[in-house]
Amino acid sequence: MAILVCGGAGYIGSHTVRQLVEAGEEVIIADNLSTGHLYAINPAAKFYECDIRDKVALKKIFAENKIEAVFHFAAYIEAGESVLLPLKYFSNNVCGMEILLEAMTESGVDKIIFSSSAAVYGEPERIPIDELDKTVPTNPYGESKLIMEKMIRWVSAAQGVRYVSLRYFNASGAIEDGTLGEDHHPETHLIPLILQVPLGKRDHITIFGDDYSTPDGTCIRDYIHVVDLAAAHLCALKYLREGGESNFFNLGTGHGFSVKEIIEAAEKVTAQKIKTMLGERRPGDPAKLIASGEKARKILNWTPRFDDIEKIIATAWNWHCIHNK
Ligand code: UDP
């Protein structure tokens, strides 16, 4: 039986597909290529160019293939944009999830692994953030992910679908062979934007606020390597296959780095001085997000391999150098 990967042409989806294929799984990708890339589609996977809001197209995929489980990566992800365009997020993320769950349940597919986000917590009550902490998103993106989690939970209770929701902290880095990486247009994420400076594609990096209540005044995030995120999905699949009950997990390293620390680390990795400018705070940005990753380690047996921020940035730098040749 096959794994259907919605959003398998995107950043985290394509890295996960690689690991699924390497593990000998049969993989089907559904992606509308709105933010994903044709070049990132694994040649060993069967590809359907389709939008998850298109129920007819989705039902056709379920009818033509024997699907065991769905991995759902297909969503918009920009917190800043979501504040300006909330309905874009509710349409694609929330309505997309509704249609996907309808198609799944009508086709008898009962396992889903969902890409959730640390953004569901909003401004955290305490650090590190535990899975049972309050979820009060500060932007529509986080709200959409929280609604999607709740939708799965209710469908699970009513229709017996089992799920694992994975709340990613800051996905970063690239596969070490440099064949896949972070390639958003326009790019809004910190590490790739910083690397555009030494690549000569950008004059400087803007620091979004230095008056947060953190030691150097800039926001702190938990940067988790994309290969480790991908590996967590395979652990989650094993967990569900072995009969594990529906559950949700943080995926992070448990260590936080400020914007300024990331810029310093990138200067070391690239051996270049990176010009910075100070800008306004970005709306909806919490000061500090660090995961408690204990639950995933204990229950999913997940152990992240990358625990050094310079090594993480080095894999991103390797990808950008190859990709921008
Ligand atoms: N950030 C920044 N300048 C940029 C892009 C991001 O200072 O050009 C900051 C942003 O405010 C946040 C951190 O870097 O504190 C990580 O942002 P990113 O968009 O990479 O991920 P997010 O935390 O929003 O998921």
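FYI, in our numbering the residues of the sequence shown are 710 to 1034. Ideal Cβ placement from N, Cα and C applies to all residues, glycine included.
Reduced DSSP secondary structure (H/G/I, E/B, other) of residue 932: Here residue 932 refers to the residue found at position 223 when the sequence shown is read from its first residue. It is a strand residue.
Please indicate yes or no: does the CB of residue 1025 lie closer than 8 Å to some heavy atom of the ligand UDP? Your numbering for residue 1025 matches position 316 in the sequence shown. No, since every heavy atom of the ligand UDP falls outside the 8 Å radius drawn around the Cβ of residue 1025.
Cutoff 9 Å: residue 769 Cβ touching any chain D Cβ: Annotation note: the requested chain D is absent from the structure, which comprises a single protein chain.
Using the Cα positions of residue 920 and residue 928, report the straight-line distance between them to the nearest angstrom. Start at 1 with the first residue of the sequence shown, and residue 920 comes out as number 211. Start at 1 with the first residue of the sequence shown, and residue 928 comes out as number 219. Going by the C-alpha atoms only, they are around 9 Å apart.
To the nearest angstrom, report how far apart residue 794 and residue 847 are at their CA atoms. For this step, residue 794 is matched to residue 85 along the sequence shown. For this step, residue 847 is matched to residue 138 along the sequence shown. Cα to Cα, the separation comes out at about 14 Å.
On the DSSP bridge assignment, give the partners of residue 872 in chain order. The residue you call residue 872 lines up with position 163 of the sequence shown. For residue 872, which the question treats as bridged, DSSP gives the partners 821.
Please report the residue range of the alpha helix (DSSP H) in which residue 979 lies. By 1-based counting over the sequence shown, the position of residue 979 is 270. Residue 979 -> alpha helix (DSSP H) spans 968-979.
In whole angstroms, what separates the C-alpha of residue 813 from that of residue 775? Working through the sequence shown from its first residue, we reach residue 813 at position 104. Working through the sequence shown from its first residue, we reach residue 775 at position 66. Taking the straight line joining both Cα atoms gives about 12 Å.
Residue environment, residue 941, which counts as buried when at least 16 other CB atoms sit within 10 Å: What you label residue 941 is simply residue 232 of the sequence shown in a count that begins at 1. Around the beta carbon of residue 941, a 10 Å sphere encloses 16 or more other beta carbons of the protein chains shown; the residue is thus reported as buried.
Return helix, strand or coil for residue 798, following the three-state DSSP convention. Your numbering for residue 798 matches position 89 in the sequence shown. Three-state DSSP puts residue 798 in a helix.
Can you tell me the Cβ-Cβ gap for residue 874 and residue 823, rounded? I've got them flagged as a contact below 8 Å. Taking the sequence shown and counting its residues from 1, the one referred to as residue 874 is at position 165. Taking the sequence shown and counting its residues from 1, the one referred to as residue 823 is at position 114. Contact flag correct, Cβ pair sits at about 5 Å.
To which residues of the same chain is residue 820 closer than 6 Å at the C-beta, ignoring the five residues directly before and after it? Locating residue 820 in the sequence shown gives position 111, counting from the first residue. Only 778, 871 and 949 meet the Cβ criterion.
Rounded separation between residue 838 and residue 855 - CA only: As a first step, residue 838 is located in the sequence shown; it is residue number 129 there, counting from the start. As a first step, residue 855 is located in the sequence shown; it is residue number 146 there, counting from the start. Spanning the two alpha carbons is a distance of roughly 16 Å.
For residue 924 and residue 815, the rounded distance between their alpha carbons: Locating residue 815 in the sequence shown gives position 106, where the first residue counts as 1. Locating residue 924 in the sequence shown gives position 215, where the first residue counts as 1. Their backbone Cα atoms lie some 52 Å apart in a straight line.
Would you list, in sequence order, the uninterrupted alpha helix (DSSP H) runs of no fewer than 4 residues that lie entirely inside the segment 740-813? With a minimum length of 4 residues, the continuous alpha helix (DSSP H) runs that stay inside the segment 740-813 are 764-773, 788-793 and 795-798.
Residue 1008 to residue 866 span [Cα, whole Å]: The residue given as residue 1008 occupies position 299 in the sequence shown. The residue given as residue 866 occupies position 157 in the sequence shown. Straight-line Cα distance between these residues: approximately 21 Å.
Contact check, residue 724 vs residue 889 under 8 Å by CB: the rounded distance? The sequence position of residue 724 within the sequence shown is 15, counting from 1. The sequence position of residue 889 within the sequence shown is 180, counting from 1. Indeed they touch by this definition, with Cβ atoms about 6 Å apart.
So who's on the other strand from residue 1010, going by DSSP bridges? Numbered from 1 along the sequence shown, position 301 holds the residue referred to as residue 1010. BP columns for residue 1010 are empty, so no partner.
Let me check understanding here. Comparing Cα to Cα, which of 717, 828, 802 and 735 lies closest to residue 1079? Residue 1079 is absent from the model: the chain starts at 710 and stops at 1034.
Assign residue 735 to one of three DSSP states: helix, strand, or coil. For the purposes of this step, residue 735 is taken as the residue at position 26 of the sequence shown. Three-state result, residue 735: strand.
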